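Working notes, structure below.
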Amino acid sequence: MPDAGATAGLGGLFVSAFLSATLLPGGSEAVLAGLLALRPELWFPALLLATLGNTLGGMTTYLMARLLPRKEMPARLNWLEKYGTTTLLLSWVPLIGDALCAGAGLLRLPWPACLLWMAVGKGLRYAAIAWAMS
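In the numbering used here, each residue carries its 1-based index in the sequence shown increased by 50.
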């Protein structure tokens, strides 16, 4: 059972990861690295919560864009439509990741596949940070 400090740290990581996946600025990678530097035994719950928070934030962006009225799509979304949901493996990349999530929503790409590829990409990024901290 994690103590109160661990619980607060993990909660803060989740919130940071969620906000970092929206248009708000965030530094969830630094929060994860800091938490693991202080509490390396929390690597597994930290990895799960960071991935979950960041994925839910990305899916929030997806949903907000999906709710917009569908009009003529900008030409720059053609490549996203061409390559489909697997492009969301890159949803973790700063600046373009938010645009990919929003573009997938605008294009009405299937949400289960978007969720899967988004979670895989974001999870691999956080796993790399957790591995580097070990």
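For every residue, glycine included, the Cβ atom is placed at its ideal position computed from N, Cα and C. Note that this is a predicted model, so its numbers are computed, not measured.
Leu138 beta carbon less than 7 angstroms from that of Leu130:
As a first step, residue 130 is located in the sequence shown; it is residue number 80 there, counting from the start. As a first step, residue 138 is located in the sequence shown; it is residue number 88 there, counting from the start. Contact flag unset, no.
Are the segment 153–167 and the segment 176–183 in contact at 8 angstroms, needing three or more beta carbon pairs?
no
Would you identify the three-state DSSP class for Leu157, choosing helix, strand or coil?
For the purposes of this step, residue 157 is identified with residue 107 of the sequence shown, where counting begins at 1. Coil.
Around the C-beta of Phe94, are 16 or more other C-beta atoms found within 10 angstroms, so that it is buried, or is it exposed?
Counted from its first residue, the sequence shown places residue 94 at position 44. In this structure Phe94 is exposed. Its beta-carbon is surrounded by fewer than 16 other beta-carbon atoms within 10 angstroms.
Which residue spans inside the segment 112–149 form an unbroken alpha helix (DSSP H) run of at least 4?
Counting whole runs of 4 or more residues, the segment 112–149 contains the alpha helix (DSSP H) stretches 128–133.
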